[in-house]
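In our numbering, the protein residues as written are 767 to 1001.
Heads up, the beta-carbon is just placed ideally off N, CA and C, and yes, glycines get one too.
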Amino acid sequence: MAYDQGMEHGPTDFDDENIDPVKVLEIANSGFFTGVILQKGIAEKYFFGKGYEVPLIVKLNGKTNLVKDKDPYSPLVCSVQEALGYGAKAVGYTIYVGSEFEAKMVEEFGRIEQEAEEAGIPVIAWMYPRGRNVPDENDPKTVAYASRVGLELGADIVKVRYTGDLDSFKWVVQSAGETKVVMMGGSKEEENIFLSKVKTAMEAGAIGVAVGRNVWQADNPLGVAEKIANIIWEK
Ligand code: FBP
């Protein structure tokens, strides 16, 4: 479950319930999730020492969407060591593939990879094609390229956008080779539409989904979570 949207999109994604990290952490800890993705501030103030069983994944970089630059850069805001201190069992980092600042992110990612390897924890790469050089970030070939770059850089898991159909997502998964693939969630949509995407992504060889808004913005978050978990574990 992803809950870093407060940083990436702002409280505009939230209502009176899900603005409270405690409420979302209760959903994350329901047993339907294999991890919860948090920025360091929420990890420190709401997760650490609170006895949650769901494994913590700390997102090491982040940016707001107030910066409208066509070519995004998401700076490192937390080290692997610090994340370990909050109890992280894995770390995550966004690379905007194709951005003018790609080189900087690739370099930072390389360092994180090494530190995480030494600490014995996996690294999840959010592989998001974006920027002036990327005419269409949804183009399946571009998503497959991003997925492959994740493998080349040593990511254990890549988190990529769903490409819309079975065959194109199979190619995304094949492109990632030994690196595992999870489908990113995206903005809230009709439950059955979202679930059918999860099913197809799993059929294509994904190992799961990194979902946020489609769960904690739902009328019945645990109901949706259970359905997603059933699709994944059935596979
Ligand atoms: P959602 O399922 O809510 O989309 O969360 C997945 C996620 O990758 C978050 O980790 C991140 O905050 C957000 O989507 C990025 O969204 P965008 O691509 O719109 O910047």
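Taken from the Cβ of residue 997, every heavy atom of the ligand FBP lies 7 angstroms or farther away.
If the five residues before and after residue 922 are omitted, its C-beta is found closer than 6 angstroms to the C-beta atoms of 888, 889, all from its own chain and listed in chain order. Here residue 837 has 865, 866, 867, 897, 898 as same chain residues with Cβ atoms under 7 angstroms from its own Cβ, once five neighbours each way along the sequence are excluded. Just measuring C-alpha positions, the residue of 938, 829, 971, 917 sitting nearest residue 945 is 917. Residue 968 and residue 910 have their C-alpha atoms roughly 16 angstroms apart. Annotation: residue 869 to residue 938 spans about 22 angstroms, alpha carbon to alpha carbon.
Residue 852 is positioned such that its CB atom lies closer than 8 angstroms to that of residue 809. Residue environment: residue 816 is assigned as exposed (fewer than 16 neighbouring CB atoms within 10 Å of its CB, all protein chains considered). Comparing alpha carbon positions, the residue from 829, 957, 790 closest to residue 773 is 829. Nearest to residue 976 by alpha-carbon distance, out of 928, 932, 933, 988, is 928.
Taken in chain order, the complete beta strand (DSSP E) segments of 3 or more residues contained in the region 790–835 are 802–804, 822–825. Out of 872, 992, 963, the CA that lies nearest to the CA of residue 931 is found in 963. Every unbroken stretch of the beta strand (DSSP E) spanning 3 or more residues and falling wholly within the region 837–865 is given here in chain order: 854–863.
Contact between residue 820 and residue 854 is ruled out by a C-beta separation of about 12 angstroms, above the 8 angstroms threshold. Judged by their CB atoms, residue 831 and residue 840 are not nearer to each other than the 8 angstroms cut-off.
DSSP places residue 949 in the uninterrupted beta strand (DSSP E) bounded by 946–950.
DSSP places residue 769 in the coil class of the three-state scheme, outside both helix and strand. Closest in C-alpha terms to residue 792, from the list 915, 873, 812, 777, comes 812. The DSSP-derived three-state label of residue 785 is coil. For residue 911, no beta strand (DSSP E) run applies; the uninterrupted alpha helix (DSSP H) run containing it begins and ends at 906–919, by DSSP. Checking the 7 angstroms criterion, the Cβ of residue 770 is within range of a heavy atom belonging to the ligand FBP. For the set 912, 907, 846, the Cα lying nearest the Cα of residue 880 is the one of 846.
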